[in-house]
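J.:
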Amino acid sequence: MRQSKVESTPHLLTTAKDLAAAVEALNKEPSIGVDTEFIRETSFFPRIALIQISGREKTFLVDPVVLDKKALEPLLELLVRESTLKIIHASHADQECLFWAYGIVAKPVLDTSVAAALCGMGDSIGLQKLLRETLGVYVSKGRARAKWLARPLTPELLHYAEQDVAHLVSLGEKLKEVLDSYQRWEWALEESEVHPNIFEVSPQELASKMAKGCESGSTAWVSC
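Count along the sequence shown from 1, add 583, and you get the number used in the numbering used here.
1. Look up residue 628 in the DSSP assignment and say whether it is helix, strand or coil.
2. Identify which residue in 653, 647, 623 and 618 has its Cα closest to the Cα of residue 636.
3. Keeping to the same chain, check which residues put their C-beta closer than 6 Å to that of residue 767; ignore five residues upstream and five downstream.
4. Can you name the residues that DSSP bridges to residue 614?
5. How long is the line joining the alpha carbons of residue 638 and residue 626, rounded to whole angstroms?
6. Would you call the CB atoms of residue 647 and residue 679 closer than 8 Å?
7. Per DSSP, which residues does residue 645 bridge with? Please list them.
8. Tell me whether residue 695 is buried or exposed, calling it buried when 16 or more other Cβ atoms sit within 10 Å of its Cβ.
9. Leaving out the 5 sequence neighbours to the left and right, which residues in its chain are closer than 6 Å to residue 745 when beta-carbon positions are compared?
Structure follows, in structure tokens:
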């Protein structure tokens, strides 16, 4: 078993120029790893705080708190490009986050949680366990309560965010080998697909959320 490699503090992309250069490099990749960090405790919908993207060799951390949607356009175009496979672990929350922040869902996608289940590794396996059992790589546990919207992000959080996505391409390749041997690759892709309409909320559902927020004393979106 090997430790996920940690080098210097990962660089956070905060300018359109740096992001464009990163996307140009990623455009050459047949598949990329994708992850997001977000906060949802104080709002009805997730607030995106970080986007992590990895190729076969490089990982990029993108700051959506600083970069607006226009600056992020090259990345958003990559996330929906049909010729580039996106590898995401337990993708539902990440896709929901992308939908509410930018009106997109990444596609096409291999959800490594879905793929692992089709490989007989059990339902809802965590990324940490999956990397350990599949690649022999150890990564640290998640930071569920981290203040991802705070700036500057600590080196510890940047390292965590990097290792959370750095091995996804290799993981996807390994899972594809197993899925191909079972003739389940296309099945995995179909099961990984997410339709945007599942995240749409009707006015009635929104009113219900707001009412529940008032009852619980939540400050999300409305003061009661």
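Beta carbons: idealized from backbone N, C-alpha and C, even for Gly.
T.: Walking through what the data contain:
1. coil
2. 618
3. 701
4. 668
5. 32 Å
6. no
7. 596 and 634
8. buried
9. 593 and 642
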